[in-house]
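Here the structure is laid out as C-alpha cells; the discussion comes afterwards.
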Ligand code: CO
C-alpha cells in the first residue's frame, strides 16, 4: 500500500490544468499509479481523487464509492462533460480541503465521455452524487476548485477562514499518518 500526500488548498499545482493523456505512453505505469491513487483516496476516506491532487500531471481521475444498492467505480482519462442539466445545491467537500464543507450549485445530471483504464472509450450517464463527483474531479483536472463555484460575495466571506486553515493543511501529510488519526 502506498499512500501519497494529497496536495492541499494553496498548492499551485492544484491550479494548473493537467496534461491530456496519450494512453499508449502511460499504460505500463498506469496500474501502479491507479493503485497508489486508490490507496490514498481510501486512506483519506474520499470518494474521488484527481491525479493532480497527488502531484501527477495527467488528465486522470478515479471515483469509487458504494450506496445501499450499488457500487460505483470509475477510472476516467481525458474526461469531458458532453451534456448537463438540472441543478443541485448541496454540501460538498474535497480531500484538498480537509474538514471543510460548503454548499455549492452543481448540475444534477451529466453525461461524461472519457477513456477507461483499459484505454477504451466510455460514456457514462450520471445523476445526483455521482454527477457531482464527476463534475468535482473534472474541475480538478482543469485547475478549478469547488470553492470557485461560490458566488463572489460568499467566497470573500470564506477567505479569512480558508487563509487560516491553509496554514494548518500545509502541515498535513497523509504518508506520515496512521489510519485511525483521520
Ligand atoms: Co476535490
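In this note's numbering, the protein residues as written are 4 to 185.
Don't be surprised by glycine CBs; every beta carbon is placed ideally from N, CA and C.
{"Item": "Leaving out the 5 sequence neighbours to the left and right, which residues in its chain are closer than 6 Å to residue 23 when beta-carbon positions are compared?", "Value": "62 and 81"}
{"Item": "Starting from residue 67 and walking both ways along the beta strand (DSSP E), at which residues does that stretch end?", "Value": "63-69"}
{"Item": "Can you check DSSP and say which residues form a bridge with residue 91?", "Value": "109"}
{"Item": "Relative to the alpha-carbon of residue 55, which residue among 36, 69 and 67 has its alpha-carbon at the smallest distance?", "Value": "36"}
{"Item": "The beta strand (DSSP E) that contains residue 20, what's its start and end?", "Value": "Residue 20 -> no beta strand (DSSP E), and no H or E assigned at all."}
{"Item": "Between residue 138 and residue 176, what straight-line distance do the alpha-carbon atoms span, to the nearest angstrom?", "Value": "26 Å"}
{"Item": "Pull up the distance between the alpha-carbon of residue 14 and that of residue 149, whole angstroms please.", "Value": "15 Å"}
{"Item": "Is residue 99 near the ligand CO, with its Cβ less than 7 Å from a heavy atom?", "Value": "yes"}
{"Item": "Out of 111, 91 and 77, point me to the one whose CA is closest to residue 124's CA.", "Value": "77"}
{"Item": "Roughly how many angstroms separate the alpha carbons of residue 85 and residue 74, rounded to a whole number?", "Value": "23 Å"}
{"Item": "Return the first residue and the last residue of the alpha helix (DSSP H) that residue 99 is part of.", "Value": "From DSSP, residue 99 is part of no alpha helix (DSSP H); its letter is neither H nor E."}
{"Item": "Can you find a C-beta in chain C that's less than 8 Å from the C-beta of residue 50?", "Value": "Absent from the structure: chain C. Only one protein chain is present."}
{"Item": "For the beta strand (DSSP E) that contains residue 126, what are its first and last residues?", "Value": "124-130"}
{"Item": "Taking C-beta to C-beta, are residue 95 and residue 105 nearer than 8 Å?", "Value": "yes"}
{"Item": "Residue 156 to residue 91, Cα distance in whole Å?", "Value": "20 Å"}
{"Item": "Skipping 5 residues on each side, what residues in its chain have a beta carbon closer than 8 Å to that of residue 83?", "Value": "115, 116, 117 and 141"}
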